[in-house]
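*Asks:*
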Amino acid sequence: MAFDFHIGPDGPLATLSRSVVTGDSRLTIEGNDVPRAATPDRPFLVPLHDGKSAIVTVKARGYDYMPQVFVDGTEIRIGRPLALWEYVLAGLPILLLFVGGFIGVIVGFGAMALNQWLLRSLPSRAYGVGAALAVLVLSYIVVQLLVAAARQLLSTPA
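Going by my numbering, the letters in the sequence shown line up with residues 1 to 158, in that order.
1. Quick check on DSSP: helix, strand or coil for Arg-61?
2. Closest by CA to Val-99, which one among Gln-144, Ala-38 and Gly-130?
3. So the alpha helix (DSSP H) Val-121 belongs to, where does it begin and stop?
4. Return helix, strand or coil for Ile-141, following the three-state DSSP convention.
5. With 16 as the cutoff for other CB atoms within 10 Å, does Gly-62 come out buried or exposed?
6. In whole angstroms, what separates the C-alpha of Tyr-127 from that of Asn-115?
7. Return the bridge partner residues of Arg-80 from the DSSP annotation.
8. Please report the straight-line C-alpha distance between Pro-157 and Leu-97, rounded to a whole angstrom.
9. Along the chain, where does the beta strand (DSSP E) that runs through Ser-25 open and close?
10. Kindly list the residues whose CB is nearer than 6 Å to the CB of Leu-136, restricted to its own chain and excluding five residues on each side of it in sequence; keep chain order.
11. Near Val-71, what residues of its chain come up, given a Cβ to Cβ distance below 7 Å and the 5 sequence neighbours on each side ignored?
12. Which same chain residues, not among the five before or five after Leu-119, have their C-beta less than 7 Å away from its C-beta?
13. Thinking C-beta only, is Val-46 closer than 9 Å to Ala-2?
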């Protein structure tokens with residue numbers, strides 16, 4: 001997932017890329033990687049046009065794939081926060097645990113991340129809800145197919 005934001009009111013446009021799997025963050029400005037500091041929280045050190053540097057800190061939210069971003073200690077919004085009902089809707093694919101066990105959890109977490117992205121990025125909430133429900137149905141079908149394939153592979157005599 002990638003998020004675009006400005007470093008301050010007159011600062012450069014930055015792109016924060018986050019791995020859904022590992023949660024690792026990468027910050028680029030105009031296509032160039034921004035280095036991290038060697039301190040324990042490893043903030044990004046962003047060079048500014050006036051010769052100064054801004055400190056960009058990225059903090060994960062356990063329930064949300066959109067992280068908190070702080071520029072010089074001030075939180076900035078990099079995306080629309082979801083309402084509680086949107087988090088519930090986005091998280092429904094996690095229930096695939098009961099249908100497909102480990103396979104269901106893996107597919108469910110991927111579908112949850114996709115749902116959060118869809119709910120934030122589509123032009124209306126109605127489209128986001130429709131897309132999230134479609135992802136839920138498709139992820140259920142994928143889990144059913146993967147579980148059936150796994151059963152077939154495990155039951156076939158060698």
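Even for Gly, the Cβ is constructed at its ideal location relative to N, Cα and C.
*Replies:* So, from the data block:
1. Here the question's residue 61 lines up with position 61 in the sequence shown. In the three-state reduction of the DSSP assignment, Arg-61 falls in the strand class, which pools E and B.
2. Numbered from 1 along the sequence shown, position 99 holds the residue referred to as residue 99. For the residues Gln-144, Ala-38 and Gly-130, the minimum Cα distance to Val-99 belongs to Gln-144.
3. Translated into the one-based positions of the sequence shown, residue 121 becomes position 121. A small fix is needed here, since residue 121 is Ser in this sequence, not Val. That run of the alpha helix (DSSP H) goes 97 to 121.
4. For this step, residue 141 is matched to residue 141 along the sequence shown. Helix at Ile-141.
5. As a position in the sequence shown, residue 62 is number 62, starting the count at 1. So Gly-62 ends up on the exposed side.
6. Walking along the sequence shown from the start, residue 127 turns up at place 127. Walking along the sequence shown from the start, residue 115 turns up at place 115. Using only the alpha carbons, I get a separation of about 11 Å.
7. Here residue 80 corresponds to residue number 80 of the sequence shown, with the count starting at 1. Beta-bridge pairing links Arg-80 to no other residue.
8. Translated into positions along the sequence shown, residue 157 becomes position 157. Translated into positions along the sequence shown, residue 97 becomes position 97. Cα-Cα distance, rounded: 27 Å.
9. Counting from one through the sequence shown, the residue named residue 25 turns up at place 25. Note, Ser-25: beta strand (DSSP E), 25 to 29.
10. Here residue 136 corresponds to residue number 136 of the sequence shown, with the count starting at 1. Contacts found: Leu-92 and Pro-93.
11. Taking the sequence shown and counting its residues from 1, one reaches residue 71 at position 71. Answer for Val-71: Ile-7, Gly-8, Ala-54 and Val-56, listed in chain order.
12. Within the sequence shown, numbered from 1, the residue matching residue 119 stands at position 119. If we look at Leu-119 and ignore the five residues flanking it on each side, its Cβ neighbours are Leu-82, Glu-86, Ala-90, Gly-128 and Ala-132.
13. Working through the sequence shown from its first residue, we reach residue 2 at position 2. Working through the sequence shown from its first residue, we reach residue 46 at position 46. Their beta carbons are not under 9 Å apart, which means Ala-2 does not touch Val-46 by this criterion.
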